[in-house]
Structure formats: C-alpha cells, structure tokens
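Below is one structure; the comments refer to it alone.
In our numbering, the protein residues as written are 9 to 961.
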C-alpha cells in the first residue's frame with residue numbers, strides 16, 4: 009500500500025472515529041435530596057437532545073456528551089426540575105427539591121418558616137400549577153381544584169342569576185363562606201355576591217377565586233383543618249393559600265382552545281359542538297437588583313361560549329286568548345268576559361271547539377279551560393302551526409353562561425439592604441362579562457309577564473353581569489434584632505353590575521324598553537397585619553414563637569337600578585304607589601295585576617340601597633415546639649373584636665409524633681368562628697323565582713328590617729365551631745410511596761342561612777310586602793347546627809419505566825357526611841324546608857376519588873385521570889330522587905416540539921358521561937333534563953382541547 013493511501017486511510021478513519029472520540033467525554037455524578045439522600049430513578053437529560061439516562065439505585069449516573077459546555081436537566085415526578093451547566097467533565101453532586109410532595113415547605117398551617125408537609129400536625133395539600141398547566145383541560149382555579157383536590161367541590165351553576173358567574177365552592181362539605189382564601193399568605197377579600205337563588209351554597213358569600221389568572225400561580229396550598237385561631241374568621245373548614253409566581257427572565261405564553269363535542273351539545277337530542285373556549289396567557293418576570301429581587305407580571309384574556317342542554321319546550325305556549333289576540337287584536341272586554349271570548353275562539357277551529365266542549369262537560373271553569381293547553385296540547389299546537397313556529401323556538405338556555413374576561417396580576421419583592429429587609433407587593437385587576445338566560449316568558453303565562461304586546465311570541469330574558477375585581481397589597485419584612493417582622497396592608501374590592509337584556513317591563517306594554525340597568529353591589533376590604541416571629545434553636549429541639557395583630561375594615565354597598573327596572577306602572581304610565589286605584593293598575597287577560605319591573609331580574613330599588621361599614625381588630629399568639637426529635641406540639645390563641653356584634657376568643661392545640669423516619673401520627677383540636685357577612689345582614693331585594701314551575705316574586709328582607717322584627721327573626725351573630733382531626737403520614741422509601749390518612753369532625757353551631765318563605769300576616773306586614781312588590785319573604789338568620797365528619801386519603805407513588813421514563817401515580821379520596829341538627833322554628837314552623845336542607849346535606853358528592861397517572865419520557869408526556877363522583881340527592885325532591893355515582897375520565901398527551909415550544913392535546917370527560925336525568929314529569933317540559941340543584945360534576949359532557957406553550961428565556 010502506498011504511503012499516500014495509508015495517509016488517506018488514516019485520515020478517513022480519524023474522521024469516521026472523530027464523533028466517537030468526542031462522545032467519549034463522560035459526565036458522572038450523583039443526584040440527592042436536600043438532606044443528602046440518594047435519589048434513584050431520576051431523569052438526567054442533555055438539554056435540547058434525546059441524550060439521557062436515569063440514576064441508579066445509589067442515585068448515580070453517567071452520561072456521554074459530544075462537547076462542553078452543556079446543560080443537564082434533572083427531573084422526576086414529585087421533584088422540581090433543575091438545570092445544571094457543566095463546563096468540564098468532573099464528578100457532580102446535584103441537589104434537587106421536592107415538588108407537590110411531602111417535603112415541600114409550606115406557608116400555611118404553621119408560622120415556622122421551615123416546616124414541611126411531612127412535619128405539619130394538620131393535613132395540607134400542595135398543588136403545583138406547572139404540572140397541571142401542562143396536562144389539564146381545566147383553565148380556572150375552581151375547575152382545577154374540583155378535579156385534583158378530593159375534599160373540594162365546585163361546579164358551574166345555571167339559571168341562578170348572579171351565581172351563574174361565580175362558582176360556589178366547598179371544602180369538606182361545608183359552606184363556601186366557611187373556607188378562608190389567602191394570596192401569598194394574606195387574607196383575600198370576598199365576592200360582592202350573596203347566593204340567594206336556589207343553588208348549592210344558598211345563603212352564603214364565597215370568594216371569587218376565578219378572578220385570579222391561573223398563569224400567575226406557582227402553587228396552591230390547601231389546609232384541610234380548622235384554623236380560625238391562627239387566621240381568624242371564615243377558616244372553619246380550612247384555608248386555601250394561592251402562592252404567586254416569582255420567575256424571572258422567562259417569557260411564557262399559553263394559547264388554549266377547546267369546545268364541548270358531545271351527544272347533547274346545543275340541544276339535548278341533537279348533539280354537536282358548543283361551549284367554545286379560547287384563552288391566551290402571558291407571564292414574564294424581571295430581576296430587581298442583584299440581591300434576589302424580582303417583579304413578575306401575568307396577563308390573561310379568555311372567552312367562553314354558552315352551552316345548552318335543554319330540549320324542545322314541552323310546557324304550554326299559547327292560550328285561547330293568544331289566538332283571539334292574533335285574529336282580533338286586544339279587546340279589554342275580553343279580559344273580564346272569558347265566556348264570550350271562549351265561545352268565539354272555539355268557533356275558529358273544530359278541534360279547539362272540542363277542547364272547549366270537553367272542559368265544559370268536565371265541569372271546568374271558563375278560566376281553567378281557556379288558560380289550559382288543551383287536550384294533548386291542542387291549543388299550543390294549533391297556534392304554533394298558524395304562526396309558523398315550532399317548540400324548538402321556545403327552548404330555554406340551560407347550561408354554562410357565556411363569559412368574556414381579562415385578568416392582570418403582579419407579584420414583586422425588592423431587598424432593601426443586606427440584612428434581609430425586603431419590600432414586597434402584589435395585586436391584580438380583572439373583569440368578567442357574563443351573559444346568562446332565565447326562564448322563557450311564554451305567552452301562556454296568565455299573569456301577563458309574557459307581555460305579548462311587545463313580544464307576540466314571548467321572549468327569553470338574559471342577565472348580563474360585569475364583575476370587576478381589584479386588589480393591592482404591600483408590606484415590609486425583615487429583622488428587628490433577632491425577631492422576624494412582617495408589616496403589611498392588603499386592599500381588595502369586588503363589584504357586580506347587572507344589565508337585563510331582551511326583556512320587558514310588562515306594565516309598560518308595547519312601549520317598554522328591552523334593556524334595563526338593574527343596579528349592583530360591591531364589597532371592599534382593607535386588612536392591616538403585623539406579624540412577629542422568632543425561632544429558638546436551642547430551646548427543646550426548636551421553639552418557634554409568633555405573635556401579631558390585625559385590623560380590618562369592610563364596606564358593603566348595594567346600588568339601585570334605573571326606575572323602569574323595578575317599577576310597576578299604571579294604565580296612565582305613572583308609577584304605582586299606595587294611592588293608586590286598583591282599577592288603574594295594569595291587568596292581565598285573566599284579571600290579575602301584571603308584575604312590574606324588568607322580567608327575570610327586577611332592578612334594585614332606592615329603598616334597597618345599602619352603604620354599611622364594619623371594623624374589627626385581632627391579636628394572636630402562636631407557639632410551636634419540637635419537644636424532641638419525634639414529638640411536635642403547637643398551640644395558638646386568638647382574640648377578635650367586631651364593632652357590630654362583639655368579641656370572640658378561639659384556641660387550637662395540635663401535635664405530631666414521628667414513630668420513625670417514615671411514619672408519623674398527628675392530631676388537632678380547635679375552636680373557630682365565622683362572623684356574619686355584611687351581605688347577610690343588609691342584603692335586601694325582590695327577584696322572580698320559579699317554585700314548582702310557577703313564578704313568584706320572592707323578597708329577601710334585611711336581617712335588621714322592620715318585617716324581620718315583626719316575624720320574630722333574631723339579630724345575626726357569629727357562627728361557632730369545634731374541630732377535631734386525627735391522621736397519619738407514612739413513607740415507603742423502597743416503593744417510593746407516600747401516604748396520608750386524616751379523619752375529622754367539624755361541629756358548627758348557629759349556622760347562618762336563608763329561611764323558608766313566609767307570607768304576610770296582618771295589615772303592617774301586608775303593606776311592607778306590597779311596598780317591596782313581594783309575594784313571599786325570606787330572611788338570613790342563625791337557624792341551625794351542623795355536624796360534618798369524614799376521612800381523607802392521599803397515596804402518592806413515583807416509579808421509573810424503562811431507561812428514561814417516570815410514572816407518578818396519585819390516588820386520593822374523601823368520605824364525608826354533613827347532618828343538620830337543632831333547626832330553629834319561627835311562627836311554629838322550622839325555618840328550613842326540605843329543599844334548603846337538601847342543599848346542605850345531599851346536593852354535593854359525599855364520596856369522591858381521584859386516580860391520576862402521569863407518565864413522562866424524554867419529550868413526551870401523558871396523563872390519565874379518573875375521578876369518581878359519588879351519588880347526590882336532588883333537593884327539589886326532598887331526597888327522594890338520587891343521581892348515581894359516575895366516573896369522569898380525562899386523557900391528555902404532551903410533546904416538546906422544540907426547546908421553546910410544547911404542544912398539549914386532550915379531553916376532559918373523554919367518555920362523554922352525563923349525570924342521571926331528572927324524572928320526566930319534573931323536568932319542566934324538557935328544559936331541566938339534568939338537575940340544576942346539585943353540584944356533582946356538571947352536565948356539559950365531553951370537552952376536547954389543544955394548547956400551545958411558548959417559553960423564551
């Protein structure tokens with residue numbers, strides 16, 4: 009072989025072997041937890057490539073790379089993903105922190121800043137939003153919690169006025185007003201809305217968590233235990249703390265779109281697509297200075313289409329009067345002479361004459377015959393044909409409301425010196441425009457509310473709401489001597505404004521407007537906190553002492569609408585008052601007074617207007633001691649004083665005993681309270697509600713009103729509670745399994761709620777009813793006690809699949825029961841009827857299980873979730889109708905297209921499961937095929953979505 013050939017061969021061989029020579033560089037190291045323990049089965053991947061490995065049983069790894077420097081990405085379910093820059097081939101020791109697991113340091117439940125979940129004496133769930141945002145179909149806070157936190161329940165309501173736009177939420181089966189919500193550990197203001205219209209949570213005031221953009225949230229901490237001695241009023245069932253993001257130098261943009269593809273979409277018996285959603289989120293943070301300061305911004309815009317699960321209208325649509333009006337025009341003589349009108353109308357068509365004759369033969373009154381739908385709907389079917397309409401034209405809209413929203417959130421910290429003094433602030437602004445429908449005003453209504461002068465075929469009124477939420481918090485934290493001091497002020501306001509559209513004031517007839525400004529309400533809260541703490545490392549095995557104070561001011565306002573939104577007018581177009589002659593009032597064909605005000609939602613009156621304030625102050629002391637390495641004891645006391653009802657004192661004792669490194673038992677006992685909300689004391693209004701399919705003008709009168717005094721409604725006072733919990737935590741290191749089991753009992757005395765309806769008795773009461781245009785009255789009162797008990801279970805396992813795959817399995821479940829006791833009586837009758845009892849005891853699932861399996865390998869991920877929602881009883885049937893338990897399946901797939909782009913597709917309710925149907929005889933002519941009174945998992949059916957996530961660093 010020639011020398012040149014040899015050289016060519018050597019050069020060719022070198023070029024061929026060069027990649028292998030370069031690949032011979034090997035990075036070796038070990039992955040550990042924060043305590044130095046080896047972590048097997050962790051993914052170690054060269055960033056931006058498929059080159060990777062998994063740590064062995066000793067937590068060690070070895071990975072060949074082509075060139076340096078590179079970035080290694082270390083990840084596994086249950087741990088925070090960590091990136092490490094490698095500049096040379098040396099042995100690495102990489103420490104990672106747990107995420108969404110028992111080792112996460114928590115803010116709530118303990119004032120010891122280093123306490124982790126495994127250490128706390130009470131149960132706490134930590135929900136990582138990063139993992140959920142990459143895999144879930146849910147886009148709002150309450151939707152997410154409903155599917156991942158077993159003891160949390162919330163679903164969208166329908167045909168329930170303002171509650172269509174704020175989802176009532178429950179923890180451990182208690183009321184929406186018995187859970188406290190915090191943002192970054194600071195008290196969040198409540199919603200301005202009080203639920204009064206026949207839903208789960210009736211009579212309560214919750215917190216509008218959906219005003220917070222999910223893209224701004226780092227994690228959610230759920231404390232499942234009474235905590236009023238630590239945090240004050242409302243924390244009877246527990247505390248939800250929303251922790252905002254701190255990330256900097258990374259722009260994250262999420263684009264999410266989906267819709268309901270279901271057999272019952274658009275119309276019950278047709279199927280199709282509805283409920284279209286589109287949402288775009290952007291999050292970005294920048295560093296402030298060189299000492300760890302940051303400011304993080306989040307913006308979100310979203311639209312949500314309405315869904316409808318009603319069928320063709322099966323209720324009566326027309327009467328014989330409507331036929332006569334179409335043929336003859338309105339004649340006032342007909343109103344008081346039904347016999348003459350019936351004879352004329354009956355002569356129009358032999359089939360209708362037969363209906364009329366059958367009624368006469370049966371001995372029915374003229375009024376009953378004429379206003380009826382006739383045999384087998386003959387009158388309505390005849391007139392539908394004459395007018396070229398079908399029953400589909402009279403369908404209601406029963407499903408989720410239409411929404412359009414915008415949200416902004418900010419979170420920042422700025423170190424002021426090298427000694428830990430830090431200025432911090434966070435806040436947000438959001439709006440939400442909703443559009444929800446009420447009951448169809450059919451011509452067949454005999455009281456004239458259908459206003460056929462303006463709408464010959466009736467109309468479907470809508471409630472347009474605008475919800476605006478504003479919040480801002482600022483504070484300084486640092487050290488004074490050896491004490492940690494945190495001084496802050498938090499302000500928030502929530503407001504509702506209502507516009508009623510596609511409606512009429514029936515007393516104005518054909519001249520009525522079709523849109524009304526109906527008024528609204530707002531709630532504002534300002535909270536000032538001073539928190540001081542110190543950790544004594546050498547006392548016992550550690551002692552934490554914390555104390556502080558709080559001053560809070562609240563304001564509730566209710567504003568009147570325009571005059572025509574609430575007023576009844578006489579035949580001359582003048583407002584009806586107590587001097588108006590009965591003969592001058594607008595009458596229906598059947599002789600009764602036509603109701604005034606905007607149909608579906610009469611506006612708030614000037615006499616309803618409220619502007620009330622309340623202030624309170626509190627002080628607390630909190631001690632937490634590790635008496636030994638295995639035994640923890642904590643105690644807290646809190647005193648609060650309210651200027652409107654007095655003072656309260658609460659206490660809590662909790663402990664945790666570690667039998668070993670992998671097993672602990674914990675217990676807590678405490679007292680608690682909830683101050684009656686200003687809304688519950690002062691809200692008053694008249695609204696149209698449908699009971700048994702019939703409309704009534706339902707008045708809600710203030711607790712301090714003259715009518716409340718006449719009927720004997722006592723002044724509102726605080727609710728009080730006693731909480732007991734006992735649980736265990738366990739770890740099985742070899743199987744990488746973590747287990748928590750917690751039993752609890754919560755007794756609430758003097759619980760605040762709405763009473764049953766009362767009718768007027770006596771001249772003074774009748775005058776008050778008439779002034780409010782109300783036919784029935786309800787009140788807020790401390791009316792009953794409840795006993796809630798249950799068991800929560802969480803089992804979490806991480807395991808490796810193949811060379812690069814990890815599988816996280818979480819099984820969580822809850823068993824709960826709430827019983828009503830000691831119902832008070834007024835006027836010789838219990839204040840709660842069977843329906844009101846049903847909302848509290850039976851309308852929410854008392855058993856709920858969640859099995860989530862999350863798999864990841866390289867750039868691919870998948871999530872399968874099955875949620876078991878237990879059976880519920882329909883309050884409309886006093887517990888006689890039960891809707892069976894169902895399993896809802898979610899399935900999503902994710903793929904990292906590039907280092908900066910991730911695609912996620914999937915489905916919520918993949919198998920298109922619906923709740924059991926309402927008995928046919930009670931579904932209001934095919935309109936409420938699925939119950940609107942229960943809170944199981946909703947009835948929108950299958951939802952399919954796609955999501956793009958852009959990340960730029």
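A virtual CB, placed ideally from N, CA and C, is assigned to each residue, including glycine.
According to DSSP, is residue i helix, strand or coil?
{"i": "residue 197", "result": "coil"}
{"i": "residue 122", "result": "The pLDDT assigned to residue 122 is 45, lower than 50, so where the model puts this residue is not dependable; a value taken from the coordinates is nonetheless given after this. In this structure, residue 122 counts as coil in the three-state DSSP scheme."}
{"i": "residue 773", "result": "helix"}
{"i": "residue 399", "result": "helix"}
{"i": "residue 848", "result": "helix"}
{"i": "residue 453", "result": "coil"}
{"i": "residue 705", "result": "strand"}
{"i": "residue 583", "result": "strand"}
{"i": "residue 733", "result": "strand"}
{"i": "residue 415", "result": "strand"}
{"i": "residue 953", "result": "strand"}
{"i": "residue 588", "result": "coil"}
{"i": "residue 477", "result": "strand"}
{"i": "residue 527", "result": "strand"}
{"i": "residue 610", "result": "coil"}
{"i": "residue 925", "result": "coil"}
{"i": "residue 879", "result": "coil"}
{"i": "residue 841", "result": "coil"}
{"i": "residue 33", "result": "strand"}
{"i": "residue 217", "result": "helix"}
{"i": "residue 806", "result": "strand"}
{"i": "residue 488", "result": "strand"}
{"i": "residue 577", "result": "strand"}
{"i": "residue 7", "result": "Missing from the structure shown is residue 7; the chain here goes from 9 to 961 and no further."}
Rounded to the nearest angstrom, what separates residue i and residue j at their Cα positions?
{"i": "residue 829", "j": "residue 835", "result": "19 Å"}
{"i": "residue 614", "j": "residue 411", "result": "29 Å"}
{"i": "residue 39", "j": "residue 90", "result": "11 Å"}
{"i": "residue 650", "j": "residue 204", "result": "25 Å"}
{"i": "residue 861", "j": "residue 532", "result": "42 Å"}
{"i": "residue 150", "j": "residue 310", "result": "16 Å"}
{"i": "residue 946", "j": "residue 175", "result": "11 Å"}
{"i": "residue 406", "j": "residue 315", "result": "7 Å"}
{"i": "residue 629", "j": "residue 555", "result": "4 Å"}
{"i": "residue 715", "j": "residue 776", "result": "7 Å"}
{"i": "residue 278", "j": "residue 809", "result": "44 Å"}
{"i": "residue 953", "j": "residue 902", "result": "12 Å"}
{"i": "residue 245", "j": "residue 845", "result": "19 Å"}
{"i": "residue 717", "j": "residue 534", "result": "32 Å"}
{"i": "residue 252", "j": "residue 799", "result": "30 Å"}
{"i": "residue 329", "j": "residue 390", "result": "13 Å"}
{"i": "residue 833", "j": "residue 360", "result": "50 Å"}
{"i": "residue 429", "j": "residue 419", "result": "17 Å"}
Name the residue from the options whose alpha carbon lies nearest to the alpha carbon of residue i.
{"i": "residue 255", "options": "289, 764, 394, 305", "result": "305"}
{"i": "residue 155", "options": "876, 925, 513", "result": "876"}
{"i": "residue 576", "options": "588, 567, 568", "result": "588"}
{"i": "residue 864", "options": "844, 807, 854, 918", "result": "807"}
{"i": "residue 662", "options": "653, 648, 670, 678", "result": "678"}
{"i": "residue 1", "options": "705, 749, 517", "result": "No answer is possible for residue 1: it lies beyond the span of the chain, which begins at 9 and ends at 961."}
{"i": "residue 574", "options": "581, 526, 217", "result": "526"}
{"i": "residue 182", "options": "138, 216, 134, 243", "result": "243"}
Could you pull the start and end residues of the alpha helix (DSSP H) that residue i belongs to?
{"i": "residue 358", "result": "358-369"}
{"i": "residue 239", "result": "236-239"}
{"i": "residue 716", "result": "714-719"}
{"i": "residue 1", "result": "Because the chain in this structure spans residues 9 to 961, residue 1 falls outside the shown range and cannot be described."}
{"i": "residue 244", "result": "Careful: residue 244 lies outside any alpha helix (DSSP H) and carries neither H nor E."}
{"i": "residue 620", "result": "No alpha helix (DSSP H) holds residue 620; the beta strand (DSSP E) holding it covers 618-634."}
Can you tell me where the beta strand (DSSP E) with residue i in it begins and where it stops?
{"i": "residue 647", "result": "639-650"}
{"i": "residue 565", "result": "551-567"}
Item to check | Segments assigned beta strand (DSSP E), at least 3 residues, entirely inside the region 269-343 | outcome: 280-296, 301-312
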